[in-house]
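Notes follow the structure.
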């Protein structure tokens, strides 16, 4: 099991300090949420990449249909270079909520899903050095190609949201590297999800994420909460603090204390 922390918010300097603390405290990854406005996720991750040496870095998550895939490919590859191969791209179709700006983006779920599928293919093409893509949603062509924009990793992990037990949604995972499960709320459901993926060709190493809040002051209780997910086949535990407001002084103090206590590993 790997242990990541999703930073709930705050200013860019605050989140940079939290990420450095996370590396010092033994966490395996730091992930930031990509909002419609506010602190830019990939600029922040670039700064974190330059200030750390070990932890995995990524978004949780990028709403790919509302981004230009070639721009996302460039941003992720840049962070991968700056971090010497530690970037992860977490993606979903985007959540419709009251805080979403009125920008004219596509809101139809089926169309967003189709855009995400094509966006994954386009990003993989560009990371592999490809120079063109022609599809129903994206038409991309560049003369020559810029090899300086290639990532360090041979294959940057893409983790995608998938709804259990919907086959169409789950099949998307088969061309990615991990799943951010939706509607798999128990370890038993995770076992079923993992078996479904493996039976259809996913590697045994496919990443499966679980998330929640564990107590930093009680390692035994924290491990008791996480261990069933480990046994079910999850490969990442994501420590979260999603309650509003995300960036209050109290929330910043809370997340810093939890990060400093370290991940919920097996107690010594």
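Numbering (this note's numbering), first residue to last: 1 to 268. Even for Gly, the Cβ is constructed at its ideal location relative to N, Cα and C.
Quiz item: Can you tell me whether DSSP reads residue 121 as helix, strand or coil?
Solution: Helix.
Quiz item: So, is residue 240 buried or exposed, given that buried needs 16 or more other C-beta atoms within 10 angstroms?
Solution: Around the CB of residue 240, 16 or more other CB atoms lie within 10 Å, so the residue is classed as buried.
Exercise. Pick helix, strand or coil for residue 185, following the three-state DSSP scheme.
Key: In the structure shown, residue 185 sits in coil (DSSP, three-state: anything other than H, G, I, E or B).
Practice problem: Kindly give me the distance between the Cβ atoms of residue 120 and residue 73, rounded to whole angstroms, as I take these residues to be in contact under 8 Å. | Solution: With a Cβ gap of about 10 Å, residue 120 and residue 73 do not count as contacting.
Self-check item: Under the three-state DSSP convention, the category residue 20 falls into
Solution: It is helical.
Exercise. Figure out for me which residue from 69, 83 and 117 has the closest Cα to the Cα of residue 58.
Key: Out of 69, 83 and 117, the CA that lies nearest to the CA of residue 58 is found in 83.
Quiz item: Taking C-alpha atoms, which residue in 181, 36, 55 and 89 lies nearest to residue 165?
Solution: Looking at the Cα atoms, 181 is the closest of the given residues.
Self-check item: Contact under 8 Å by Cβ, residue 49 with residue 79
Solution: Result yes, Cβ atoms of residue 49 and residue 79 sit closer than 8 Å.
Quiz prompt | Alpha-carbon to alpha-carbon, residue 27 and residue 263 | solution = Whole-angstrom Cα-Cα distance: 6 Å.
Exercise. Compute the distance between the beta-carbons of residue 62 and residue 90, then report whether it is under 8 Å.
Key: Contact flag set, yes.
Self-check item: Test item: CB-CB of residue 12 and residue 45 under 8 Å
Solution: No, the pair does not count as a contact, with Cβ atoms beyond the cut-off.
Practice problem: On a CA-only basis, which of 174, 257 and 246 is nearest residue 161? Give me that one, please. | Solution: Minimum Cα-Cα distance from residue 161 among the listed residues 174, 257 and 246 corresponds to 174.
Self-check item: Rounded C-alpha distance that separates residue 5 from residue 129
Solution: Taking the straight line from one Cα to the other gives about 32 Å.
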